[in-house]
Structure formats: structure tokens, C-alpha cells
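Taken in order, these protein sequences are the chains called L and G. In this text, residue positions in the first sequence follow numbering that gives the first Met the number 0: the first is 0, and each later residue adds one. In this text, residue positions in the second sequence follow numbering that gives the first Met the number 0: the first is 0, and each later residue adds one. Even glycine gets a Cβ: it sits at the ideal position worked out from N, Cα and C.
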Amino acid sequence: MTQNDVREQSVETGASFGTPPPTIKRRKGFFTIRKVFILFALAPALIHLLIFWLGVQIESLMMAFENAETGEFWLGNFEYVVQALGDTREPLGEGFRNTLIFFAVSICMVPVSIFAVYLIYKKCFGYGVVRILLYLPGAVSGIMMAMLFKNLVGPNGPLKWFLNDILNLGITDSFIYSTNYALKTIIVYDIWMGLGGNLIIWLGAMGRIPPDVIEYGKLDGVGPVKEFFFIIVPLIWPTLCTMLTLHIIGIFGSSGSVMVFTEGKYGTYTISYWLYHVVYSDASSSVMQNYAVAAGLFFTVLTVPLVVVGRWFMNKFGDAVEY
Amino acid sequence: MAEFDLQQKTLEEQQQEYARQAAAMLHAVKHQKNKLNKKHGILFNVFVAFMWIWAISLFAVIIWGFLISLRDGYDYALDPLRVIPENFDFKWENYWTAIQTMEYNDTNYVMMIFNSLWFSFGATFMKLWATTMLAYVMAQYEFRGKKALYAFLIIQIMLPVYGQTTANFIFLNNLGLVNTPLFLLALGAGHGMHFLIMHSYFSNLSKTYREAAEIDGANDFTTCFRIMLPLGMSSILAIGLLSFIGTWNDYSTVILYLENFPTLAAGLYKYQVEAIYSLDPTIYFAGIFMAALPTAILFIVFNKTLMENITIGGIKG
């Protein structure tokens, strides 16, 4: 093909040297490849949403407003919920109190966890090993760590031996199977395990910070404490906001490790464990089930203003930083 | 000529001056760092030491449990505080005994491993497929209803509906998905925190890769599977690992929805609840350590992938 042939062909096709490259022509019509692809990609998630999310929400609403005995529309389930909340002898009231305690503990662990990750980010001594050691227990098995801890604080465990035989404290109650200690033990366990929680999220957030910003800070004489509060925290603020929002969203789902330690006995019920327990143990009682669904709906409605206020508060104290 | 020499000399002097300034700056930074370390060293090191103690306490308990799993059951009952078995008589056979004797709901240990495998791989695949495709399309394409869908997904994340367990159980039971492997269908959700992570990744991925492939004649399927997803493989792998580890260790879901198919996590949980008075901790810990081995290996091998590929941005709105 000579240069003239090419030129002729280009004239025929409307293309010429020096003109912009041809744009991609897409087949117009309802089923373009792009539309098919988008549908193909969205389908699994959308089908799941429609069936397993929307379906369950409709089922929830029907159950919450239904009198299980007569099948009629009823608000009585919600009245029971409000009554039970004020009474800590009721599992729901007890669960409400404990859930708030677990939520407070998890919120308190956020800054501790971020600071620990900051030390790792600053490449402290043995940072590579320490990050693995902190995250490993969360990765291996919740049952394994909980059983090891139960053994550690159990009647034949080293902790009891140390407190009673070495320090002569004479503690007779079990740390797990007694109302005095069960909740405290689970809280201690959750704090102990909590340092590595969300470690990878914080590491990911700090890892994205441009090194130049840190270097400029050093040139300006910024020390580690100032660097943490005035450079690191503002730069990871979007991630921090998201994680705090997720914490607030999950406020009534805060459950600690109640199931594996006590199954809600010894004053350790939480809302989410109680809701689980209703299905797990009282599957045949439809009255109880409707009551539980109404309680769930009640707490969902209660979460909305908390999330809105929380977001407002976070937006007020920090701007989204883009880098 | 003389003028040229003068200019040359001035340039060299300037270069030398810049080099001196750069060296001084580097020295200042280094000096500053040392000075800061001296000033804040004690506090900083105390925190580091504290973190090390915390990390070691976690690891020490795992080692302690492992040593219990190697002790003779009778010997352990007599002296539970001993750490190393007498005469270094490690009972490795405890692991074989655990495989032979531990069972729950007529499901033996080997079947529990099998259940763990199909449940974990199946659930991970379902979640990963839905999440990745949803996040990719939402981040890279413009289509009608995209904003509404994104807003809905965010609202759904922001508004957890408590008490779903009961309604969910009844709903799935009515669909005939409880106690069958088809339950995996219910786990293929594309939303939630993993969606946020994947969406964050694909949003930061330049669209020029996709546009370049399109100019070369690739259609959307080819672009997605041969260019864009391989580019995001590290993040997909990290999410997949997180999902696999979570599913492998999940006992509460399996106990409720797959009672006849107990996985290792569910079976070992129920085993300790039901055999509370006849439980031999040495055998039980052997069973537990075997169950934890796959996720521990995965974590140790892929810890860099996990630690360096998970980023989550802010939620707008």
C-alpha cells in the first residue's frame, strides 16, 4: 500500500492526517455492551438487596406491629420494650445497660489503638513484629483466644493462683461464673484484645499520608506529640470520622464476647446477644420473636438521631482533607 | 571569553552554594530528629515498651495454650499451672486424639473441616464477587440512578436495622435456605464496610487505563476482567482474606443457620458448651489449635498484603 493509497482510503473513511483520532462509535439501542456489563456487575448485589435486605425489612415491620396471638395490628410490642428498658432485672434492660458499657469501652479503645498504630507507623523498635503480634489474635480465632483467656482466669488458672496464693487476696468467686465479676472479666478481655482491632484500617490511613508533609513538619521543628495531634490526626480525619460513625451506628450492636464467655448469664446480657438468644433459644415462641423484632426496630429508630448528631459533631470539628 | 569564564565561575559557585544549603538542611533535619528523640525519647519509649508488653502478653497466652495442648490430660488435672510437661514428655498424639474423638451433632472433626472449607470459600466468593463488581461499577462508570443507588448504599450502611436476626431467620426459613448449603446465597451481600474499602480503591484508580483499553478496542468485560481487576488484585486479595478469616472464625451464624453443618468454629464452640464437665482441656486445645492453623498461616503469609492494601476514606454526606 503506497502513501497515496493510504491518503485515498483516509479520504474515503473521512479520516485524514492531522485530524483528531476517531472517537469510539457505540452501538445505540437499549442493549449496548456497556449497559449489559453494568447490569451484569450490579445484578448480584441488587438481587441480594431486593430479596435478602428488603424482604427481611418487610418481614421485620410486619412482625414488629403484629399481635402474635391474634395476628392483628398492635403497638403492644413497643410498650413492652419501653417498660423493659427501665428495668435492669429484665434481660432487655440489663442488655441496654451493658451495651452502653461495651460501647463506651470500644470508643475509649479507638484513640489508644490509633496511638499504638502511630508508634508502629513511626517505625518504633520491632514495629514489624509488634504489628503482627497485635493483629494475630484477631485473625486466628475468637473461640481460641476466649478459651485461652477463660483458662487463664479460671479456677485452676494462673491468675487465681497469683491473686490467692501469692497476694493472699482470698477471692472465692469465679471470674466468669459469678455476677460480681463476669461482666468485668469480659470487659477486660475486650480491652486486651481491642488494641489490635482496626489496626489495618489505621495503618492504611497513616500509610497514605505523603512523606513530604511529615518532612516539612520536621523542618519546622514539630515533635512527635505535635506531629500526632496536628498532622496525623487531621490527615486521617476522614477515616477517623468513618470509623467513629460506624461505631455510633453499631452502638446497640456492641456485644463484647458475651456469647463465648457466659451466654448472657451472670448479668452479662447485651441487646444484640439477647436478640440472637431469642432466635437461638426461643424459636418456637412467636410472641417473644415479635417482641424482639419490635425492640430491634426501636433501637434502630433511636440510632438515627445519634448518627446525625455524631456526624454533625465530627464535621464541626474537622474538615475533610484531600491529598 | 573572560565574560563566559566569569559566568561559568558564578554558576559553579551557585551550585556549590546550593549543595552547601542542601547539606545544611539535611544536617538540620537529622539534628532536629536526634534532638527530638532526646527531648521526647523517654515518653515515646515508655509507650513503645507498654505496647510491646501488651503484644507479648497476647502471644504468650497463645504459646501457653499450645503447651497445654501438648500435656497429658491426667498430668494437667493434677498440676494445671505447670507450663512445660514433666520430662519434656510432649503429647503430640493429643492432636490425633482430637481428630478422632471431637464431634458435635453427629459431625466428626474431619467433616467439620470439610464444612469449614466449603462455607468459608463459598461465602468469601459470594461476598467478594458482589462487593468487587458493585464497587468497580459505582466508582468507574456513570449511569442513570447511580447517585440514588450510592445514597441508598450509604444509608443502608448508616442505618443498621437491629433485631434482624429474628426476622432474617424466619424469612430464610420460609425460603427453605436454613440448614442447607444454599444459605450461602444469603451471604452474597455487596454492601457494608468492604464495599467502602473497594469503592475507595477503585475511585482512586485512574480512568485512563480503562479509556486506553477502550481506544484499543476492548469492550467493558475485557477491560474489567483483563485490566482493571488485575490492577486492583492486591486490594481484592486483602478483602478476600479478611472475609475468609472472618467466615472461618464465625460460629454464631453457623450455629443458627447451619446447625446440621457445623464448621470447626461452631463445632468447637458447641463442644465446650455441652462437654463442660467432661472436657479434657489438653485435647480441646489441640482441636482448637488445629482449627486456628489455616487462618494463622494465611495471616502470617499475607500480612503485608493485609496491612498495606486496606484504606477507607470518608463518607460524604
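Does the beta-carbon of residue i have 16 or more other beta-carbons within 10 angstroms, so that it is buried, or is it exposed?
i, result
"N114 (chain G)", "buried"
"Q14 (chain G)", "exposed"
"D219 (chain L)", "exposed"
"E273 (chain G)", "exposed"
"K149 (chain L)", "buried"
"K37 (chain G)", "At K37 (chain G) the pLDDT is 49, less than 50, meaning the model places this residue with poor confidence and gives no usable figure here."
"F288 (chain G)", "buried"
"M146 (chain L)", "buried"
"S68 (chain G)", "buried"
"A48 (chain G)", "exposed"
"Q320 (chain G)", "Coverage of chain G is limited to positions 0 through 316, which leaves residue 320 (chain G) absent and any answer about it impossible."
"T269 (chain L)", "buried"
"T207 (chain G)", "exposed"
"K34 (chain G)", "Per-residue confidence for K34 (chain G) stands at a pLDDT of 43, beneath the threshold of 50, marking its modelled position as unreliable; the derived number appears in the next sentence. K34 (chain G) comes out exposed."
Taking 7 Å as the cut-off, does the CB of residue i come closer than this to any heavy atom belonging to the ligand PLP?
i, result
"K315 (chain L)", "The ligand PLP is not part of the structure shown, which contains no ligands of any sort."
Quick check on DSSP: helix, strand or coil for residue i?
i, result
"N97 (chain L)", "helix"
"A135 (chain G)", "A small correction: the amino acid at residue 135 (chain G) is Tyr; Ala does not occupy that position in the sequence shown. Of the three classes helix, strand and coil, the one that applies to Y135 (chain G) here is helix, per DSSP."
"N173 (chain G)", "helix"
"K34 (chain G)", "Residue placement at K34 (chain G) is flagged as unreliable, the pLDDT there being 43, under the threshold of 50; the coordinate-derived value follows with that caveat. K34 (chain G) falls in the helix class under three-state DSSP."
"Y103 (chain G)", "strand"
"F114 (chain L)", "helix"
"F72 (chain L)", "strand"
"N66 (chain L)", "coil"
"W117 (chain G)", "helix"
"N203 (chain G)", "helix"
"H190 (chain G)", "coil"
"G137 (chain L)", "helix"
"T221 (chain G)", "helix"
"G203 (chain L)", "helix"
"M152 (chain L)", "The question names Met, but residue 152 (chain L) is Val in the sequence shown. Helix, per DSSP."
"Y149 (chain G)", "helix"
"D324 (chain L)", "An answer regarding residue 324 (chain L) cannot be provided, because it is not within the stretch 0 to 322 covered by chain L."
"D189 (chain L)", "helix"
"D172 (chain L)", "coil"
"P84 (chain G)", "coil"
"F260 (chain G)", "coil"
Report the option in the options whose CA atom is closest to the CA atom of residue i.
i, options, result
"S140 (chain L)", "L:L99, L:S256 and L:P223", "L:S256"
"F102 (chain L)", "L:T302, L:F312, L:W311 and L:N76", "L:T302"
"V152 (chain L)", "L:P136, L:V129 and L:A181", "L:A181"
"L228 (chain G)", "G:G64, G:V82, G:W128 and G:N86", "G:W128"
"F227 (chain L)", "L:L48, L:V116 and L:G193", "L:V116"
"D71 (chain G)", "G:W53, G:W63, G:L57 and G:N93", "G:N93"
"V160 (chain G)", "L:F124, L:L91 and L:S59", "L:S59"
"M125 (chain G)", "G:I61, G:I153, G:H190 and G:Y75", "G:H190"
"G231 (chain G)", "G:I61, G:E307 and G:L80", "G:E307"
"L241 (chain G)", "G:Y200, G:M192 and G:Y135", "G:M192"
"I248 (chain L)", "L:I231, L:T98, L:L41 and L:I46", "L:T98"
"F229 (chain L)", "L:T299, L:F124 and L:Y215", "L:Y215"
Go to residue i, then tell me how far its alpha helix (DSSP H) extends in each direction, as first and last residue.
i, result
"S59 (chain L)", "G54 to A63"
"T281 (chain G)", "P280 to E307"
"M232 (chain G)", "M232 to N248"
"F298 (chain L)", "S285 to F316"
"E89 (chain L)", "Here E89 (chain L) belongs to no alpha helix (DSSP H), and DSSP marks it neither H nor E."
"V272 (chain G)", "L263 to E273"
"M242 (chain L)", "W236 to I248"
"W273 (chain L)", "I270 to S280"
Strictly below 7 Å CB to CB, what residues from chain L border residue i?
i, result
"E307 (chain G)", "G206"
"D219 (chain G)", "I32, R33 and F36"
"T281 (chain G)", "Correct list: empty, because the minimum Cβ distance to chain L is about 11 Å."
"Y135 (chain G)", "A40"
"V47 (chain G)", "L118, C123 and F124"
"M50 (chain G)", "A115, L118 and V129"
Going along chain L in order, which residues have a C-beta closer than 9 Å to the C-beta of residue i?
i, result
"A185 (chain G)", "H47, I50 and F51"
"H190 (chain G)", "A44, H47, L48 and W52"
"V253 (chain G)", "Under the 9 Å cutoff, chain L gives no residues; its nearest Cβ is about 12 Å from V253 (chain G)."
Starting from residue i, find everything on chain G with Cβ-Cβ shorter than 9 Å and list it in chain order.
i, result
"R130 (chain L)", "A54, N302 and M306"
"I235 (chain L)", "By Cβ distance, chain G contributes nothing, its closest Cβ being about 10 Å from I235 (chain L), past 9 Å."
Since residue i meets chain L, which of its residues come closer than 8 Å, beta carbon to beta carbon?
i, result
"M157 (chain G)", "T244, I248 and V306"
"W128 (chain G)", "P43"
At 7 Å on the CB atoms, spell out the chain G contacts of residue i, in chain order.
i, result
"Y120 (chain L)", "Ordered by position in chain G, no residue passes the 7 Å Cβ test against Y120 (chain L), which lies about 11 Å from the chain."
"W160 (chain L)", "L80"
By the criterion of Cβ-Cβ separation under 8 Å, what are the contact partners of residue i in chain G?
i, result
"F298 (chain L)", "Y161 and G162"
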